[in-house]
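Those letters in the sequence shown? Residues 157 to 235, by our numbering. We treat Cβ as the ideally placed atom computed from N, Cα and C, and that holds for glycine. Heads up: the structure comes next, in structure tokens.
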Amino acid sequence: MNIVKRAKARTPKFFKVLRNIGLAMAAVGGVILTAPIALPVVIGSVGGYLAVVGGVLSAVSQLTASYDEDPNVVQDDSE
Numbered sequence: 157m158n159i160v161k162r163a164k165a166r167t168p169k170f171f172k173v174l175r176n177i178g179l180a181m182a183a184v185g186g187v188i189l190t191a192p193i194a195l196p197v198v199i200g201s202v203g204g205y206l207a208v209v210g211g212v213l214s215a216v217s218q219l220t221a222s223y224d225e226d227p228n229v230v231q232d233d234s235e
């Protein structure tokens, strides 16, 4: 299964919830990083970590596919 088919495949419900949590974390991290007021360095660091972790969590959750058939069967992806 190539990356395009995997991205278009059906995502299990658990990973949809994780994807949404990751999007929220990334949004909160982005808001903290772009705050127009001076924040302590620790809060800025936490904002950066939230943005990175949220982005990775969302990406991994989006690319998790559920198989309707046996995933160990070799398929021809030349379509």
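Integer-rounded CB distance, given that residue j should sit under 8 Å from residue i
i	j	result
Leu-219	Met-181	Contact doesn't hold; Cβ gap of about 17 Å is too wide.
Gly-210	Leu-179	7 Å
Ala-221	Arg-162	5 Å
Gly-200	Leu-189	7 Å
Span of the alpha helix (DSSP H) around residue i
i	result
Arg-166	First-last for Arg-166: undefined, no H or E at that position.
Where residue i sits in the DSSP three-state scheme
i	result
Ile-193	coil
Leu-219	coil
Asn-158	coil
Query raised in the report: Would you call the stretch 200-217 and the stretch 164-183 touching, i.e. three or more CB-CB distances under 8 Å?
Result: yes
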